[in-house]
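Residue numbers (this note's numbering): 206 to 439. A virtual CB, placed ideally from N, CA and C, is assigned to each residue, including glycine.
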């Protein structure tokens, strides 16, 4: 688990360029309840806290799913396939973004967007937090990649922690954006965009290594073994 902590944080930070494009307009559209920097900072923290809470719940759900796979002996196979999918998404940019929910899920996403749009002009603390919660539910390729990583954790608590760290990694750029009122400079955005595929590739490789069970401490643990029971001769 230790090796995944920096991976989750760096994945979140490397996703900042993507987040500025996806979540940045929402962050800028939400008005502050006051004109001072303290008021703007408080509203910014509420927005981002709501988003991270949603990520935490998603991480717990995907971690639980990963635990179920582990119990039926499929987690290693799924980890390898998921890592390969993540690497493929780097070779085919936008692959994860192309996933389009259908049926009831599509209708649910549309409703979330509608509620989010109506909530954008409200500045009460609970409204700001709710806006952040809804923001975290919007479809996002980088969140999909992080959720796949949470599945590899194999436990609800570890999946939740992975997504918390991913969310916190996105904070610096989004907080700076909302506090400054303008986008990060072109050079900074270019650097973040270049970092993103590298970090996502590392995550994919880590998942493949985890599935291969090579016995590498904290990266690719060996398969669980059941010690043989000692027999006592009568």
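Exposure of residue 243 is indicated by the presence of fewer than 16 other C-beta atoms within 10 angstroms of its C-beta. Here residue 253 has 337, 376, 379 and 380 as same chain residues with Cβ atoms under 7 Å from its own Cβ, once five neighbours each way along the sequence are excluded.
For the pair of segments examined, the stretch 336-356 was found to touch the stretch 247-267: the number of CB pairs separated by less than 8 Å reaches three.
For residue 284, the enclosing alpha helix (DSSP H) begins and ends at 280-296. In the DSSP annotation of this structure, the continuous segment of the alpha helix (DSSP H) that includes residue 255 starts and ends at 242-276. Between residue 284 and residue 346, the C-beta spacing is not below 9 Å.
For the pair residue 366 and residue 259, the Cα-to-Cα distance works out to about 12 Å. Put simply, of 410, 343, 257 and 251 the residue whose alpha carbon is nearest the alpha carbon of residue 227 is 343.
Taking the C-beta atoms as reference points, residue 215 is found nearer than 9 Å to residue 374. Taking every protein chain shown into account, the CB of residue 234 has fewer than 16 other CB atoms within 10 angstroms, so this residue is exposed. Residue 246 sits close to residue 384, with the two beta carbons spaced by under 9 Å.
A residue is called buried once 16 or more other Cβ atoms fall within 10 Å of its Cβ, and residue 225 is buried on that count. Between the alpha carbons of residue 281 and residue 212 lies a distance of about 19 Å. Counting the other CB atoms within 10 Å of its CB gives residue 403 a total below 16, which places it among the exposed residues.
Residue 412 and residue 358 have their C-alpha atoms spaced approximately 10 Å apart.
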